[in-house]
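Chains as they are written, first to last, in my numbering: chain A, 80 to 322; chain B, 566 to 1149. In this text, a Cβ means the ideal position worked out from N, Cα and C, and glycines have one as well. Quick notes on the structure that follows.
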Amino acid sequence: MTPVLEARGLAKTYDPGGAQVLALRGVDLKIGRGEFVAIMGPSGCGKSTLLNLLAGLDRPTAGEVRLDGERIDGLSEADLARLRRRRIGFVFQFFNLVPALSAVENVELPLLLAGRRRRDARRIASELMGELGVGGRPAAAPAELSGGQQQRVALARALANTPDIVLGDEPTGNLDSAAAREVLGLLRAARDRGQTLLIVTHDARVAAAADRVIALRDGLVSDKAELQAPRPVALPFGSDRGA
Amino acid sequence: MTATLVKLAFAGIRSRLLASALTVLLSSAAAATIVLALEVGETARDPWQRTFDAAHGAHVLATVPSRADARTIAALPGVAERDEPVPSALASVATGGGTERLQLAGLRSAARVNTPVRTDGSAPPTDGIVLERSFARALHLRVGGALRLSAAGGPIELPIAGTAVLPSQARYPRSNPGLAWVPRSTLARIQPDRRRWSWTQAIRLADPSAAPAFAARAVAALPPGAAYVATREDQRAEALREAQPLQIILTTYTIVLLIVVFAVVAILVGARAAAQHREIGLLKAVGLTPRQVTTVFAIEAAALGLVAVVVGFGLGALLAPRLTAPSADTMVGSPASAASPWHLLAASVPVLLVLLGSVRSSTRRSTRFSVLHALQSGAPSHARRSRVARAVAGAPLPLPVTLGLKDLLSGRRRALRLGGAIAVTGAAIVFALSMKASLDAQAAGEVSDVTDELPALVYTLDALLLVITATTLVAIALLSVRERIRDYAVLKTVGLTPGQVASSLVGAHVALALVAALLSIPIGIVLYRAVYAIAGGDAEDLVIAPWWSLALVPVGTLLLVAAATGLPARLATRLPAAEALRYE
Chain A
80 MTPVLEARGL
90 AKTYDPGGAQ
100 VLALRGVDLK
110 IGRGEFVAIM
120 GPSGCGKSTL
130 LNLLAGLDRP
140 TAGEVRLDGE
150 RIDGLSEADL
160 ARLRRRRIGF
170 VFQFFNLVPA
180 LSAVENVELP
190 LLLAGRRRRD
200 ARRIASELMG
210 ELGVGGRPAA
220 APAELSGGQQ
230 QRVALARALA
240 NTPDIVLGDE
250 PTGNLDSAAA
260 REVLGLLRAA
270 RDRGQTLLIV
280 THDARVAAAA
290 DRVIALRDGL
300 VSDKAELQAP
310 RPVALPFGSD
320 RGA
Chain B
566 MTATLVKLAF
576 AGIRSRLLAS
586 ALTVLLSSAA
596 AATIVLALEV
606 GETARDPWQR
616 TFDAAHGAHV
626 LATVPSRADA
636 RTIAALPGVA
646 ERDEPVPSAL
656 ASVATGGGTE
666 RLQLAGLRSA
676 ARVNTPVRTD
686 GSAPPTDGIV
696 LERSFARALH
706 LRVGGALRLS
716 AAGGPIELPI
726 AGTAVLPSQA
736 RYPRSNPGLA
746 WVPRSTLARI
756 QPDRRRWSWT
766 QAIRLADPSA
776 APAFAARAVA
786 ALPPGAAYVA
796 TREDQRAEAL
806 REAQPLQIIL
816 TTYTIVLLIV
826 VFAVVAILVG
836 ARAAAQHREI
846 GLLKAVGLTP
856 RQVTTVFAIE
866 AAALGLVAVV
876 VGFGLGALLA
886 PRLTAPSADT
896 MVGSPASAAS
906 PWHLLAASVP
916 VLLVLLGSVR
926 SSTRRSTRFS
936 VLHALQSGAP
946 SHARRSRVAR
956 AVAGAPLPLP
966 VTLGLKDLLS
976 GRRRALRLGG
986 AIAVTGAAIV
996 FALSMKASLD
1006 AQAAGEVSDV
1016 TDELPALVYT
1026 LDALLLVITA
1036 TTLVAIALLS
1046 VRERIRDYAV
1056 LKTVGLTPGQ
1066 VASSLVGAHV
1076 ALALVAALLS
1086 IPIGIVLYRA
1096 VYAIAGGDAE
1106 DLVIAPWWSL
1116 ALVPVGTLLL
1126 VAAATGLPAR
1136 LATRLPAAEA
1146 LRYE
């Protein structure tokens, strides 16, 4: 079966101030549809770089990135943006909500970009926020929300277009334990809906919830561990959001 | 501690050369207009005095209906020197576009007081006519040519023997009718009815400072309304009034420029304070009080302001004599720069006050955050969105423009200041267009009392404002890009294409500029009407620029804004999202 996301010989070299830094040295990776994969490793091992290359946020120095078997590393910036808009959701450690937009406007943004009408986008965003437990303050500015609430809004934004793949760069890294548990539950629920999750994390609880853990060290995959079947979790939202 | 604050301030100037250069450019333009407004009133003072001395000018000049009245005044006590009264009569001069009125003074011999000072040809006239120089220049008449006058017995053509100036005569056509000298016999030929002559008695006093009192006695000595009496001070004030329209326009532009300086410097300092939110936190963490942090910015602004004032003073003092050159038509010698130190002081005070006021206004918020908050966040977040930004959310605009506008309007003060600067610049353009329309509306061949330098000055100041606004827009767009690097990366991650990111920046600024440009039209019309009225313009001659000309203001503004923000917008899309996100 064709993996939904694949990296072949992926390498990335940075050149800050003339000194070459090998962030990735040839990573091969296959992520199956519906898998929950955690990427772990010490700081500076290339985890975030790998995630950025897979999302098309950066260009590899060498190697290939394939989505459903099609190479995407050569696409233009505009094509990559259109691809992300529909197929890839991204969650950051520091939430990265757009400060000029309210919570609900942040969530409806990918829907509007995908061509939804304003009214539909607002309805879907409101429903999604309600399902993620942040429906009570749709008009709040990001700065008015707690860290846990901001991350839920960020997760809602990432899931708004029901993307095939959700990438997370330490999504629980800036949250307290309770908030981290809630976010983890939401991630697992997304996986249970059939969405593919690839999460960079230092958090052992996140890794424990994953189907597979990939360890990175010095820009190379050092270990791939298949884990036990994940524990079932209750679905926080339905499978149909009016798509 | 002071040395440390100064050091920090100068480090700030060095690290932001574009913003510093823009501040100096703007402030020096404002200082230059202040100095110009003050200097133009004085540059002609010395040439007028030289003319008065050369003409052996009159301390009191009385114009009365008869020779007997003139003798009555000449007999009053206090007179040190008197001349024979000079008769004069009005005549009509045929010009290419119609007729002009001319006051002909009939000389019997060379005047001893208030003598016409020859500037070309011969004077006083032994034959033909001698023209006052500004009249000759306005009608393009040259020595050696001929002047056709209407006379009682039919037209008379007189050879132009020379040109001369007189301290008591202001520049034609502001002083209308013009003045010319002919032999007494010629005057009698042109106007034989001596009841239509008036007589001018030139008097020098033993005590020149007693001129006002003498003038009052002269008026009282004759029936009410019979005498028009001008003292030396009256003559000088009339001659120097040439600079009044220039001063009014320069004062108007000074106010316009100071508004733009306030807006732009407040934006630049505010943006810098926001960009350095964390640095401000660090400064406070090491012990600087909020007041000291503000002082660092104030020292920066004051240092730049002082440089600007010196540059502006030099420019103003240099340009003032050029602007007042037309007034030299009636004087001996050219206007010279006054370069008064008081003018330097007068320019410094408003410029520095505006700069420091804008610093105070823009750093208040940035220095109020707690140290921890400043250190934890890269830049101050928008706690609440403005009502206007919320209203924009419902407007049927393309998504990138809506996003850009929400972002732009979330910084309400900055948007207001930027919109204000654009509106004021647009108003200045409307002013210039209306002035041009008024000049164009004059009948062909009609002599204008507006000097060539006046429209040139207005166009130059408008060009300067346009350059400033365009540079400001580029600087502000660059600042926006720098502040929003991470936000743009997030938007690209969510799915905005590079083109959409660029349109969000350009579209938002264009939309704001469109509103400001539309507002600038009524503001500019009101401004023009006010300045026109203050300058003593005839309300019947007031013409506002036609609608198609006014429509150029919003169209031009949109093109200017799109061009000015285009480059920063391209920069905003070039940085890879992953690299921008690493700033977190």
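Query, Result
"Min CB distance residue 207(A) to chain B below 8 Å", "no"
"At least 3 beta-carbon pairs within less than 8 Å: the segment 851 to 862 of chain B vs the segment 908 to 916 of chain B", "no"
"Contact list for the segment 1041 to 1071 of chain B against chain A, Cβ threshold 8 Å", "1051, 1052, 1054, 1055, 1056, 1057, 1058, 1059, 1060, 1061, 1062, 1063, 1064, 1065"
"Simplified DSSP state of residue 859(B), which is helix, strand or coil", "helix"
"Near-chain B residues of the segment 134 to 168 of chain A - C-beta to any C-beta below 8 Å", "134, 136, 137, 138, 156, 157, 160, 161, 163, 164, 165"
"Separation of residue 119(A) from residue 286(A), as counted between CA atoms", "8 Å"
"Helix, strand or coil at residue 154(A) [DSSP, three-state]", "coil"
"Reduced DSSP secondary structure (H/G/I, E/B, other) of residue 1024(B)", "helix"
"Interfacial residues, the segment 970 to 981 of chain B to chain A, with Cβ spacing under 7 Å", "971, 972, 975"
"Residue-chain proximity (residue 1141(B), chain A), Cβ-Cβ < 8 Å", "yes"
"Delimiting residues of the beta strand (DSSP E) encompassing residue 727(B)", "721 to 730"
"Contacts around residue 1003(B), its chain only, beta-carbon distance under 6 Å, and the 5 residues preceding and following it disregarded", "1108"
"Amino acids of chain B, ordered along the chain, whose beta-carbon sits closer than 8 Å to that of residue 236(A)", "1059"
"Whole-Å CB distance - residue 686(B) paired with residue 727(B), under 8 Å assumed", "3 Å"
"Interface partners of residue 189(A) on chain B, CB under 8 Å", "1059, 1060"
"Under the three-state DSSP convention, the category residue 809(B) falls into", "helix"
"Within 8 Å, strictly: CB atoms of residue 262(A) and residue 230(A)", "yes"
"Same chain, Cβ closer than 7 Å to residue 1037(B), neighbours up to 5 away in sequence not counted", "587, 829, 986"
"Contacts of residue 131(A) in chain B (Cβ-Cβ under 7 Å)", "1143"
"Host beta strand (DSSP E) of residue 142(A) (start-end)", "141 to 146"
"Beta-carbon spacing of residue 110(A), residue 246(A) below 8 Å", "no"
"Proximal residues of chain A, C-beta to C-beta of residue 964(B) below 9 Å", "188, 191, 192"
"Short CB-CB distance (under 8 Å) between residue 299(A) and chain B", "no"
"Enclosing alpha helix (DSSP H) for residue 1096(B) [first to last residue]", "1063 to 1099"
"CB contact flag (residue 593(B), residue 919(B), <8 Å)", "no"
"Between the CA atoms of residue 1073(B) and residue 730(B) - distance to the nearest angstrom", "59 Å"
"Length of the line joining the Cα atoms of residue 294(A) and residue 133(A)", "16 Å"
"3-residue-minimum beta strand (DSSP E) runs that sit fully inside the segment 233 to 317 of chain A, ordered along the chain", "244 to 248, 275 to 279, 291 to 296, 299 to 305"
"Complete alpha helix (DSSP H) runs within the segment 569 to 618 of chain B (minimum length 4 residues, chain order)", "582 to 604"
"Buried or exposed by the 16-neighbour rule on C-beta atoms within 10 Å, applied to residue 794(B)", "buried"
"Where residue 184(A) falls, given that 16 or more other Cβ within 10 Å makes a residue buried", "buried"
"Heavy atom of the ligand NAD within 7 Å of residue 207(A) beta-carbon", "Because no ligand of any kind appears in the structure shown, any question about the ligand NAD cannot be addressed here."
"Sequence-distant residues of its chain with Cβ nearer than 7 Å to residue 29(A) (five each side left out)", "Residue 29(A) falls outside the range modelled here, since chain A spans only 80 to 322, and no answer is possible."
"Any chain B beta carbon closer than 8 Å to residue 84(A)", "no"
"Residue 89(A) at chain B interface by Cβ criterion, 8 Å", "no"
"CB contact below 8 Å: residue 180(A) versus chain B", "yes"
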